[in-house]
Amino acid sequence: MRRLDVGEAVRALLSAQVVVVPTDTVYGVAARLADADAVARLFAVKRRPQHVALPVLVGSLAQVAELGVDWSDDAQRLAERFWPGALTIVVDAPASVAARVGARSTLGLRLARQPQLSSIIAQCGPLAVTSANEHGRRPCVSVEDVEGTTWGAPVAGVLDAGVCDGEVSTVVELASDGWHLRREGAVRREDLEAVLGPEAAAGDQ
Numbered sequence: 003m004r005r006l007d008v009g010e011a012v013r014a015l016l017s018a019q020v021v022v023v024p025t026d027t028v029y030g031v032a033a034r035l036a037d038a039d040a041v042a043r044l045f046a047v048k049r050r051p052q053h054v055a056l057p058v059l060v061g062s063l064a065q066v067a068e069l070g071v072d073w074s075d076d077a078q079r080l081a082e083r084f085w086p087g088a089l090t091i092v093v094d095a096p097a098s099v100a101a102r103v104g105a106r107s108t109l110g111l112r113l114a115r116q117p118q119l120s121s122i123i124a125q126c127g128p129l130a131v132t133s134a135n136e137h138g139r140r141p142c143v144s145v146e147d148v149e150g151t152t153w154g155a156p157v158a159g160v161l162d163a164g165v166c167d168g169e170v171s172t173v174v175e176l177a178s179d180g181w182h183l184r185r186e187g188a189v190r191r192e193d194l195e196a197v198l199g200p201e202a203a204a205g206d207q
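Residue numbers for the sequence shown, in this note's numbering: 3 to 207.
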């Protein structure tokens, strides 16, 4: 697989291609959120069903605001405590934006810390990203792992940043009844409770 520098990765993304990038957790396959054709190509690359929503990586809170999502006080508190880093915050979003990544009315957002990825997002805007591994296989934490992956469509190349941390991100959904932990990863349940209080009961959803 072709190795890319930041400039080459940016040019590829701006031309509607799909690129493998390092994230704060594992290597991911990325496309520009603003480019519907590129996001469709991303689903094909990963062989991912269109109804399984993709998370979105942003470079700043200003980019979050531009997406028009419902950014509550709880979302702001989580961002101030855990961003940038491995916490995906799922919030209500305009249907037109959510549909870009296969969602109905929500968007899962994460602010990237990884320096090269942050530079790319600053130049390309928010990215739809999914882990760079085949379904059912372990996540890719190195370029060597990425090169052993079989893709469903062409990928422009990979930005090599060495070995990633490997621990999955935590996913928390903010709803009208409170918050719900969808996946526990780098950020622990007790860390979330310290910021938001107890999780909403499952029966309250």
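Glycine is no exception: its CB is placed at the ideal position from the N, C-alpha and C atoms.
Only a predicted model underlies this, so the values are computations on that prediction, with no experimental measurement involved.
For GLU175, the enclosing beta strand (DSSP E) stretches over residues 172-177.
In this structure, DSSP gives ASP75 a helical state, which the three-state scheme calls helix. ALA81 is the residue among SER144, ALA81 and HIS137 whose C-alpha sits nearest the C-alpha of ARG115. Residues of the same chain with a CB within less than 6 Å of the CB of LEU113, apart from the 5 flanking positions on each side, are VAL60, TRP85 and PRO86 in chain order.
Around the C-beta of ARG185, fewer than 16 other C-beta atoms lie within 10 Å, and the residue is accordingly described as exposed. Beta-bridge partners of THR90 (DSSP): VAL173. Contact holds between the segment 86-105 and the segment 170-179, because three or more Cβ pairs, one in each stretch, are under 8 Å apart. Per DSSP, reduced to three states, the secondary structure at VAL12 is helical.
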